[in-house]
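Asks: To start, I am sharing the structure in question, which I have written as C-alpha cells.
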Amino acid sequence: MRTTQYLLSTTKEKPADAEVISHQLMLRAGMIRKVAAGLYNWLPSGLRVLRKVEQVVREEMSRAGAVEILMPVVQPSDLWEESGRWEDYGPELCRLRDRHNRQFLLGPTHEEVVTALVRNEVASYKQLPLNLFQIQTKFRDEIRPRFGVMRGREFTMKDAYSFHLTDECLAQTYQVMFDAYCRIFERLGLNYRPVIADTGSIGGSTSHEFHVLADSGEDDIAFSDGSDYAANVEMAEAICTEQRAEATEAMSEFDTPDAKTIADLTEQFGIPAAQGIKTLIVKASDDSDHELIALLVRGDHELNEIKAEKLADVAAPLQFASDEEIKAAVGALPGSLGPVKLPMPIVADSAVAIMADFVAGANVDGKHYKGINWERDLPAPQVADLRNVQAGDPSPCGNGKLDIKRGIEVGHIFQLGDKYSKAMNAGVLGETGKHQTMTMGCYGIGVSRIVAAAIEQNHDDRGIIWPDALAPFQVVLIPMNMHKSHRVKEVAEKLYAELTAAGIEVLFDDRKERPGVMFKDMELIGIPHTIVIGERGLDQQVVEYKHRRDGEKHEIAIDQMVAHVQ
Ligand code: ATP
Ligand code: MG
Ligand code: MG
Ligand code: MG
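Per this note's numbering, residue 12 is the first one in the sequence shown, and the count goes up by one each step.
Right under this line is the structure:
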C-alpha cells in the first residue's frame, strides 16, 4: 500500500472528548471516526486491525470444531416473544417497526434466531453436538456509550452457540471453547485472565468471563494471591448469600433520623459494605422532617443499568407526586426492595448516575435539595466501600487474600442449559425415539472491543505499539527525500516489490513529506518494523532498520532485508 493512495488521517492534537488512551490513539492514528454516540466509521488502518482480530478468532473457532454461519442483524419480535425476552429485555434493546407495522429489533445477541434455526435444521440426536458461530454486528442501546469502540452501541461480536443432547456433552464443549478462548487471547498477545462470572440476564448456570487487565477497565476482578482463583467481583460477593439476606431484612426495617450517608446507614445496621445495595432518591416528601422516599435496589451493575432507565421513567413525573403515588409506582418495579423513608438527601451511585443530577438539583415543593452524587462528591475509597469484598479480604476459595484489579471484559462464555431450547421447543429425537429438549451453550467475544483493549496494553507516549498479530501493516518503508534522489526511489521501489512478493504487508510512505513527519505518523500508527532508505547507506548497500518496541537503529544489507523482517 502506498500512502499517497491511502487514507492516513493522523492528527497531532489530543482529542478533547476521549477519556481513555486507546480512544485517543485510535482517533489520532486515524483508525476510527465518530458518526454519532457509540457509532463509528472504521477507517482503513482501524479496519485492517479489526480484520486481524476476526481472522484469529475465526481460525481458532474453526480449529475447535465450530462452524461459521451468518444471521441477520434485524430480528422479528415473534422469536423474542417465544423466549420471553421481548418483555424482559430492558431499554438496551432497539425496537423498530416495518412498513406493515410488524415489530422487529436490532440484535443485541442471537440466541433466539439460532435456536429457531437449529430447531428447524436438526431433527436427530445423531446431528449433535453442533456448534455454530458468526462474526457480526450487534446493536445495544447502551445507557452510556463511551471509550470509543470499547463500549459502542454498534459493535462487532463473535458469538457461538452449541447444541447438545446432554449436559455432560455441553460441559465438554464448554471446556473446548474455554481453551480456544485462551489460545485466541494468547495469539493476540494480550495479558488476560479468565474469571468466574455471573450469568446475569442471559441465564444458565456456569459462566466465565475473559478480561484484559487494564486500569481503564470498567469491571472489578477479585484475584486470590494464594491460588488461581479469579472472579468477577459480583460473583465473589454472591458467595456471601447469607449476609445478603440479613442485610435485606435490616434494610427493610430501616427508619433512622440520624443517618447521613450510605456508609453511615450500613454501619448503623451492621451491614457489611452495603451488600451492593444502591439507593435512589425519588422525592423529598416533607419539608418539616426532611423525609425522602428512597428506593433500594440490590444486585449487579447490569440489572441496575436497566433499572436506572426504568426508574428515570418512573421517578421524573413523580417529582411532585404524593407519597402514596410514589410508593405504588416504586414498589411495583422489578427487583425493588421497596420504598423506604430516608431522613435527608443521600446518594446516587454510578449505576444510577442517570438520576444523580435530578437528585442533586431537585426542586421539590419550592425547596432545593442538595443531594450527594456518589461519584462526584465522595472520595474514591468510599465508592469501594460499597462493595462487600475488598482487597485484603480472605479469598472465597479459602486460599490467600483478595487483590482487586480492573479488567476489560473481552469474552464471556455460558452454559445456558435449556433456557432457550425449552421456551422455544427446540428438541431432537433421542436414541430411544423419544423427543428430547436440547441443552445449549453460548460463547461471545467482543471483536471490536479487543482492538481498543489491545491498545490499552500496548502503547507509549509516541503512539500505539502493535503486537505482530494485530498490526495493520508489518513493515513501513520510509524513503528519505525520494523525490530528489533517484537512487533512493529505486531501492525503495525494489524493497517494496520484494517484501510484498514475500507476503509481507508493507506501507510505502511515498508522500512528499519531511522525514520527521513520516516518522511521527508511523510511530503513532504503531507499525512494528520501520525501514529507512537514505542516500548515505546506499554506497554500502545498507538501509536503516528499527523496531517500534525498542526503537534501536540497525544497519541491514538491502539484500538481507526480506529475511530480516520475515
Ligand atoms: P459489558 O459488561 O461490558 O456491558 P456484556 O456482559 O453486556 O458486556 P456480553 O453480553 O457478555 O456483554 O457480550 C459478549 C461480549 O461482547 C462482551 O464480553 C464484550 O467483549 C462485548 N461487548 C458487549 N457490549 C459491548 C459494547 N457495547 N461495545 C463493544 N463490545 C461489547
Ligand atoms: Mg452490557
Ligand atoms: Mg458484563
Ligand atoms: Mg458479559
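Even glycine gets a Cβ: it sits at the ideal position worked out from N, Cα and C.
In its own chain, which residues sit with a C-beta less than 6 Å from the C-beta of V223, not counting the 5 before and 5 after it?
Replies: Within the sequence shown, numbered from 1, the residue matching residue 223 stands at position 212. So the qualifying residues of the chain are L201, Y203, I419, V421, A464.
Asks: Would you list, in sequence order, the uninterrupted beta strand (DSSP E) runs of no fewer than 3 residues that lie entirely inside the region 194-250?
Replies: You should have 203-207, 218-224, 230-235, 241-243.
Asks: The beta strand (DSSP E) that contains K564, what's its start and end?
Replies: The residue you call residue 564 lines up with position 553 of the sequence shown. That run of the beta strand (DSSP E) goes 564-568.
Asks: Which parts of the region 519-556 are runs of the beta strand (DSSP E), unbroken and 3 residues or longer, counting only runs that do not cross its ends?
Replies: Runs of the beta strand (DSSP E) inside the region 519-556: 540-544.
Asks: Since A513 is in the beta strand (DSSP E), which residue starts that stretch and which ends it?
Replies: Here residue 513 refers to the residue found at position 502 of the sequence shown. Run containing A513: none; DSSP gives neither H nor E here.
Asks: Compute the Euclidean distance between the alpha carbons of L549 and D561, then round it to the nearest angstrom.
Replies: Along the sequence shown, one-based indexing puts residue 549 at 538. Along the sequence shown, one-based indexing puts residue 561 at 550. Between L549 and D561, the C-alpha separation is close to 24 Å.
Asks: So does F166 have its beta carbon nearer than 8 Å to some heavy atom of ligand 1?
Replies: For the purposes of this step, residue 166 is taken as residue 155 along the sequence shown, with counting starting at 1. Yes, since a heavy atom of ligand 1 falls inside the 8 Å radius drawn around the Cβ of F166.
Asks: In the region 40-90, which residue ranges form an unbroken beta strand (DSSP E) of at least 3 residues, counting only runs that do not cross its ends?
Replies: Counting whole runs of 3 or more residues, the region 40-90 contains the beta strand (DSSP E) stretches 43-47, 50-53, 85-87.
Asks: With a threshold of 8 Å (Cβ to nearest heavy atom), would R96 be considered close to ligand 2?
Replies: Indexing the sequence shown from 1 puts residue 96 at position 85. Because no heavy atom of ligand 2 lies under 8 Å away, the Cβ of R96 does not count as near it: no.
Asks: In terms of residues, what are the limits of the alpha helix (DSSP H) holding S459?
Replies: Start at 1 with the first residue of the sequence shown, and residue 459 comes out as number 448. First-last of the alpha helix (DSSP H) with S459: 458-468.
Asks: Just the C-alpha distance for Q254 and K433, rounded to the nearest angstrom, thanks.
Replies: Working through the sequence shown from its first residue, we reach residue 254 at position 243. Working through the sequence shown from its first residue, we reach residue 433 at position 422. Only weak support exists for where Q254 lies, its pLDDT of 38 falling under 50; the value from the coordinates is given anyway. For Q254 and K433, the distance between alpha carbons rounds to 34 Å.
Asks: Quick check: E555 and I567, are their CB atoms within less than 9 Å of each other?
Replies: For this step, residue 555 is matched to residue 544 along the sequence shown. For this step, residue 567 is matched to residue 556 along the sequence shown. Against a cut-off of 9 Å, the Cβ pair of I567 and E555 comes out as a contact.
Asks: With hydrogens ignored, establish whether the beta-carbon of T120 is closer than 8 Å to any heavy atom of ligand 1.
Replies: For the purposes of this step, residue 120 is taken as the residue at position 109 of the sequence shown. Yes - ligand 1 has a heavy atom lying nearer than 8 Å to the Cβ of T120.
Asks: Is the region 441-451 close to the region 505-522, with three or more CB pairs under 8 Å?
Replies: No, the region 441-451 is not in contact with the region 505-522.
Asks: What residue from Q577, L176, G441 has the CA that sits closest to D429's CA?
Replies: Along the sequence shown, one-based indexing puts residue 429 at 418. Nearest C-alpha to D429: L176.
Asks: Assuming G545 contacts V573 under a Cβ cut-off of 8 Å, what Cβ separation, rounded to an integer in Å, is found between them?
Replies: Walking along the sequence shown from the start, residue 545 turns up at place 534. Walking along the sequence shown from the start, residue 573 turns up at place 562. Not really, about 19 Å apart at Cβ, beyond 8 Å.
Asks: Within 8 Å, do at least three Cβ pairs link the region 96-112 to the region 57-65?
Replies: Segments in contact, no.
Asks: Please say whether K416 and D231 have beta carbons closer to each other than 9 Å?
Replies: Reading the sequence shown from its first residue, position 220 is the one you call residue 231. Reading the sequence shown from its first residue, position 405 is the one you call residue 416. Against a cut-off of 9 Å, the Cβ pair of K416 and D231 comes out as a contact.
Asks: Can you tell me whether A579 is helix, strand or coil according to DSSP?
Replies: It is not possible to answer for residue 579, since the shown part of the chain is limited to 12 through 577.
Asks: By the three-class DSSP mapping on this structure, what secondary structure does S20 have?
Replies: The residue labelled residue 20 in the question sits at position 9 within the sequence shown. Correct three-state label for S20: coil.
Asks: From the DSSP output, read off the bridge partner residues of G455.
Replies: Position 444 of the sequence shown holds residue 455. According to DSSP, which records beta bridges pairwise, G455 is partnered with D170, H423.
Asks: Do you know offhand how far M12's Cα is from L518's?
Replies: The residue given as residue 12 occupies position 1 in the sequence shown. The residue given as residue 518 occupies position 507 in the sequence shown. Answer to the nearest angstrom: the Cα atoms are 5 Å apart.
Asks: Three Cβ pairs or more, each shorter than 8 Å: is that satisfied between the region 479-493 and the region 519-536?
Replies: The answer is yes - the region 519-536 touches the region 479-493, with three or more Cβ pairs under 8 Å.
Asks: Considering just the uninterrupted stretch of the alpha helix (DSSP H) at K433, what are its terminal residues?
Replies: Your numbering for residue 433 matches position 422 in the sequence shown. Note, K433: alpha helix (DSSP H), 430-434.
Asks: When you compare each of P483, D239, P205 to L19 by their alpha carbons, which one comes out closest?
Replies: As a first step, residue 19 must be located in the sequence shown, where it is residue number 8. Nearest of P483, D239, P205 to L19, Cα basis: P483.
Asks: So, at 6 Å on beta carbons, what are the nonlocal neighbours of G57 in its own chain, with the 5 sequence-adjacent residues on each side left out?
Replies: Counted from its first residue, the sequence shown places residue 57 at position 46. Cβ within range, chain order: M42, I43.
Asks: Out of S88, Y172, E123, N52, which one is the CA nearest neighbour of I424?
Replies: Your numbering for residue 424 matches position 413 in the sequence shown. It is Y172 whose Cα lies nearest to the Cα of I424.
Asks: Indicate the three-state DSSP secondary structure (helix, strand or coil) for D178 in the structure shown.
Replies: Here residue 178 refers to the residue found at position 167 when the sequence shown is read from its first residue. In the structure shown, D178 sits in a helix (DSSP, three-state: H, G or I).
Asks: Just mark R155 as buried or exposed, buried being the case when its beta carbon has 16 or more other beta carbons within 10 Å.
Replies: Numbered from 1 along the sequence shown, position 144 holds the residue referred to as residue 155. Answer is exposed; the Cβ neighbour count stays below 16.
Asks: The alpha helix (DSSP H) that contains L139, what's its start and end?
Replies: Start at 1 with the first residue of the sequence shown, and residue 139 comes out as number 128. Note, L139: premise wrong, no alpha helix (DSSP H); not H, not E.
Asks: Let me check you understand the geometry: is the CB of H423 closer than 8 Å to at least one non-hydrogen atom of ligand 5?
Replies: The model depicted lacks ligand 5 and carries ligand 1, ligand 2, ligand 3 and ligand 4 instead.
Asks: State the Cα-Cα distance for the pair S88 and W97, rounded to the nearest angstrom.
Replies: One-based indexing of the sequence shown puts residue 88 at position 77. One-based indexing of the sequence shown puts residue 97 at position 86. The straight-line gap from Cα to Cα measures roughly 7 Å.
Asks: Flag V160 as yes when its Cβ comes closer than 8 Å to any non-hydrogen atom of ligand 1, and as no otherwise.
Replies: Here residue 160 corresponds to residue number 149 of the sequence shown, with the count starting at 1. Yes, the beta carbon of V160 sits closer than 8 Å to at least one heavy atom of ligand 1.
Asks: Do you know how far the Cα of S238 is from the Cα of I146?
Replies: Taking the sequence shown and counting its residues from 1, one reaches residue 146 at position 135. Taking the sequence shown and counting its residues from 1, one reaches residue 238 at position 227. Looking at the two C-alpha atoms, the distance is approximately 35 Å.
Asks: Compare the Cα-Cα distances from E24 to each of I515, A208, Q485, G474 and report the closest residue.
Replies: By 1-based counting over the sequence shown, the position of residue 24 is 13. Checking every option, the nearest Cα to that of E24 belongs to G474.
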